[in-house]
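Data first, discussion second: the structure below is written as structure tokens.
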Amino acid sequence: AQSVTQPDIHITVSEGASLELRCNYSYGATPYLFWYVQSPGQGLQLLLKYFSGDTLVQGIKGFEAEFKRSQSSFNLRKPSVHWSDAAEYFCAVGDGGSQGNLIFGKGTKLSVKP
Amino acid sequence: NAGVTQTPKFQVLKTGQSMTLQCAQDMNHNSMYWYRQDPGMGLRLIYYSASEGTTDKGEVPNGYNVSRLNKREFSLRLESAAPSQTSVYFCASSEYWGRPAFFGQGTRLTVV
Chain P
1 AQSVTQPDIH ITVSEGASLE LRCNYSYGAT PYLFWYVQSP GQGLQLLLKY
51 FSGDTLVQGI KGFEAEFKRS QSSFNLRKPS VHWSDAAEYF CAVGDGGSQG
101 NLIFGKGTKL SVKP
Chain H
1001 NAGVTQTPKF QVLKTGQSMT LQCAQDMNHN SMYWYRQDPG MGLRLIYYSA
1051 SEGTTDKGEV PNGYNVSRLN KREFSLRLES AAPSQTSVYF CASSEYWGRP
1101 AFFGQGTRLT VV
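In structure tokens, the structure reads:
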């Protein structure tokens, strides 16, 4: 069965520092991979997606993620964090086919120190 | 451009009461979804509609029913609310089944 693990429940970084949020997945074939962000009291917004091709994908708000098949990982990165990036981040995996449901990780809450 | 609109935003129910959560999207998407979000649990799929005229159970369907009223609207009904259904409910839509989903703002439901 598909599964997604986000090992870090809560991360705190200083404004201007770099960020990496970890995501590991379990899936038998090449998955579709997504990162979403949720600001307090809001719905989820798609940051970026990977379907195929270049394993480094760029998203909105200066985020990028790298698909590493050998490590079953899809980590989210940002070179310099802004205070407005404080939110909860969710990794999700799907196959786009008959079982095209998205399976979400439990989320990583990001706090940003001034 | 409203995207996905959910009503109501907040609701308090007594145990045993019924209610319907409404969801509408204006993006001409084929697929629609209902998720619930609980602390530390991520999002879990309740029901989905891969296309107009079809609905299927997700991971946690017990205690819920859905109706895909037309291509735009997908409602979620709680027939007899229980405290375990206290949660934040999100409706989402996507162009096709399994494609990236666009989410509504959520409905915060408390069952007392």
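Chains P and H supply the protein sequences, listed in that same order.
If you read the first sequence in the numbering used here, its first letter stands for residue 1, the second for the next number, and so on.
If you read the second sequence in the numbering used here, its first letter stands for residue 1001, the second for the next number, and so on.
Each residue gets a CB set at the ideal place from its N, CA and C atoms; glycine is no exception.
On a predicted model such as this, the values are computed, not experimentally measured, just so you know.
Review point. Does the stretch 16-35 of chain P come within contact of the stretch 1069-1079 of chain H, defined as at least 3 CB pairs closer than 8 Å?
Key: no
Point to revise | Close beta carbons around H/Q1022, own chain, < 6 Å, minus the five adjacent residues each side | key: T1007, S1075
Review point. In whole angstroms, what is the alpha-carbon distance linking H/E1095 and H/L1043?
Key: 20 Å
Review point. Is P/T108 buried or exposed, if buried means 16 or more other CB atoms sit within 10 Å of its CB?
Key: buried
Practice item. Report yes if the CB atom of P/E66 is closer than 8 Å to the CB atom of P/N75, and no otherwise. Key: yes
Point to revise | When H/F1102, H/V1088, H/A1101, H/S1093 are compared against H/T1110, the one with the closest alpha-carbon | key: H/V1088
Exercise for review: Give the single residue among H/T1054, H/Y1048, H/E1052 whose Cα lies nearest to the Cα of H/Y1064.
Suggested key: H/Y1048
Exercise for review: Taking H/M1032 as the query, report the chain P residues whose CB atoms sit under 8 Å from its CB, ordered along the chain.
Suggested key: Within chain P, no residue comes near H/M1032; the closest Cβ sits about 13 Å away, beyond 8 Å.
Point to revise | Reference H/Y1033; option with closest CA among H/M1019, H/E1052, H/G1040, H/S1018 | key: H/E1052
Review point. Is P/S39 buried or exposed, if buried means 16 or more other CB atoms sit within 10 Å of its CB?
Key: exposed
Review point. What do you reckon, are the CB atoms on P/S63 and P/L46 nearer than 8 Å?
Key: Residue 63 of chain P is actually Phe in this sequence, not Ser. Against a cut-off of 8 Å, the Cβ pair of P/L46 and P/F63 comes out as no contact.
Check your understanding: On the three-state DSSP scale, how would you describe H/W1097?
Key -> coil
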